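I have placed the structure first, in the form of structure tokens, so that the comments after it can refer back to it.
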Amino acid sequence: MDRVPILKLGDILIISIQIDLDDQSVLALQEDLADAVVTHGARGVIIDITAVEIVDSFIGRMLSTIAATSRLLDAQTVVVGMRPAVAITLVELGLSLGGVRTALNLEKGIALLDHVRGATP
Amino acid sequence: MTADWELPIAGNADVVMVRQRVRSVAVEVGLSLIDQTKVVTAASELARNALVYAGGGLAKIEVVQNGARQGLRITFSDEGPGIPDIEQALTDGWTTGSGLGLGLSGSRRLVDEFDLISAPGKGTTVTVTKWAR
Chain A
127 MDRVPILKLG
137 DILIISIQID
147 LDDQSVLALQ
157 EDLADAVVTH
167 GARGVIIDIT
177 AVEIVDSFIG
187 RMLSTIAATS
197 RLLDAQTVVV
207 GMRPAVAITL
217 VELGLSLGGV
227 RTALNLEKGI
237 ALLDHVRGAT
247 P
Chain B
198 MTADWELPIA
208 GNADVVMVRQ
218 RVRSVAVEVG
228 LSLIDQTKVV
238 TAASELARNA
248 LVYAGGGLAK
258 IEVVQNGARQ
268 GLRITFSDEG
278 PGIPDIEQAL
288 TDGWTTGSGL
298 GLGLSGSRRL
308 VDEFDLISAP
318 GKGTTVTVTK
328 WAR
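Residue numbers (this note's numbering), protein chains in the order written: chain A, 127 to 247; chain B, 198 to 330.
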């Protein structure tokens with residue numbers, strides 16, 4: 127099983143998925159991240175999928191689950207770097223990832239988190 | 198370029214292997230980046246279905262030809278419990294497992310040809326084809 131490293135930047139946690147994750151590793155990531163949010167008292171989570179070639183229903187559900195779990199733990203999630211082909215495929219698959227915030231890249235994702243937290247201190 | 202590949206699906210790592218092999222064959226037959234992404238995503242859904250609902254199966258990947266057009270055909274077969282109501286199984290959001298119910302219906306939208314043969318106790322065979330444009 128592969129484990130994705132979780133990086134901490136201030137009160138934001140950043141994960142960048144660089145490999146083709148099997149389903150077991152996806153579930154492990156969900157749990158690791160929820161633990162890390164609490165351990166570090168994180169207020170934001172950024173998931174970088176720039177290197178991810180496909181998002182199927184399992185990965186899509188992971189993104190929604192992480193966003194919902196983090197929200198319950200008082201952290202906002204932003205998914206960044208989705209490839210255009212991935213976005214088109216997700217919509218056709220029938221998965222619109224409602225409830226998941228997205229930004230085009232890491233920089234915009236951090237700016238979005240700052241803005242969201244500024245609006246609801 | 199008529200080589201076939203047969204990949205067993207017996208665990209999570211095999212689903213990853215199927216995705217990777219489908220991707221490399223899709224590139225080889227000249228599918229666009231978007232079509233590659235669609236067919237790999239469909240293959241991922243169908244390989245997972247074979248694993249989750251039937252405990253495993255087989256993925257056969259072929260390069261197919263129709264006149265000047267080249268395509269990619271993948272056949273997923275398993276000897277699982279089969280699908281009693283195919284019409285219902287192809288409905289968005291319908292699932293007997295813990296998934297989202299988009300595997301079959303969603304992957305049908307992502308490919309050009311979709312064929313499902315199944316009966317209770319007889320296993321399931323899903324064949325999908327994507328043509329280069």
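Glycine included, each C-beta is placed from N, C-alpha and C at the ideal position.
All values derive from a computational prediction rather than experimental measurement.
Original post:
At which residues does the alpha helix (DSSP H) containing B/L243 begin and terminate?
Top reply: L230 to A251
**OP:** May I have the straight-line CA-CA distance separating A/V178 from A/Q144, to the nearest angstrom?
**Re:** 7 Å
**OP:** Name, going along the chain, the residues of the stretch 169 to 199 of chain A whose beta-carbon falls closer than 8 Å to a beta-carbon of chain B.
**Re:** E179, I180, V181, D182, S183, F184, G186 and R187
Subject >> Inside the stretch 202 to 230 of chain A only - beta strand (DSSP E) runs reaching at least 3 residues >> reply: 202 to 206 and 227 to 229
Subject >> Cβ of A/E218 within 8 Å of any chain B Cβ >> reply: yes
Subject >> Residue span of the beta strand (DSSP E) that contains A/L133, given as start and end >> reply: I132 to L135
Subject >> Within chain B, partners of A/D158 - CB distance below 9 Å >> reply: Going along chain B, no residue has its Cβ under 9 Å from A/D158, so there is no contact; the nearest lies around 17 Å.
Original post:
Would the beta-carbon of B/E259 fall within 8 Å of that of B/D201?
Top reply: yes
**OP:** Could you check if B/G294 is buried or exposed, using at least 16 other CB atoms within 10 Å of its CB as the buried criterion?
**Re:** exposed
**OP:** Give a yes or no on whether the C-beta atoms belonging to A/D149 and B/N209 are separated by under 8 Å.
**Re:** yes
**OP:** Buried or exposed for B/E284, please, with buried defined as at least 16 other CB atoms from any protein chain shown within 10 angstroms of its CB.
**Re:** exposed
Original post:
Roughly how many angstroms separate the alpha carbons of A/V152 and B/R245, rounded to a whole number?
Top reply: 14 Å
Subject >> Within chain A, the residues that B/I231 reaches when beta carbons sit closer than 9 Å >> reply: P210, A211, I214 and T215
Original post:
Could one say the Cβ of A/L230 lies closer than 8 Å to chain B's Cβ atoms, at least one of them?
Top reply: no
**OP:** Along the alpha helix (DSSP H) that carries B/A223, what are the first and last residues, could you check?
**Re:** N209 to E225
Subject >> C-alpha distance - B/D282 paired with B/L301, whole-angstrom precision >> reply: 13 Å
**OP:** Report the partner residues of B/T149 according to the DSSP bridge assignment.
**Re:** Outside the displayed span of chain B (198 to 330) sits residue 149 of chain B, for which this structure offers no information.
Original post:
Where do the N-terminal and C-terminal ends of the alpha helix (DSSP H) with A/V152 fall, by residue?
Top reply: D149 to H166
Subject >> Contact set for B/T292: own chain, Cβ-Cβ below 6 Å, skip 5 residues either direction >> reply: G298
Original post:
Mapping DSSP to helix, strand and coil, what is A/E179?
Top reply: coil
Original post:
Who are the near neighbours of B/G227 in its chain, counting only those whose CB is closer than 8 Å to its CB and skipping five residues on each side?
Top reply: Q267 and A329
Original post:
Grouping DSSP H, G and I as helix and E and B as strand, with all else coil, what is B/R266?
Top reply: strand
**OP:** Please work out which residues of its chain come closer than 7 Å, Cβ to Cβ, to A/L221, disregarding the five sequence neighbours upstream and downstream, and give them in chain order.
**Re:** S183 and G186
Original post:
Would the C-beta of B/L287 count as close to the ligand ZN, meaning under 7 Å from any of its heavy atoms?
Top reply: In the structure on display, the ligand ZN does not appear, and there are no ligands present to speak of.
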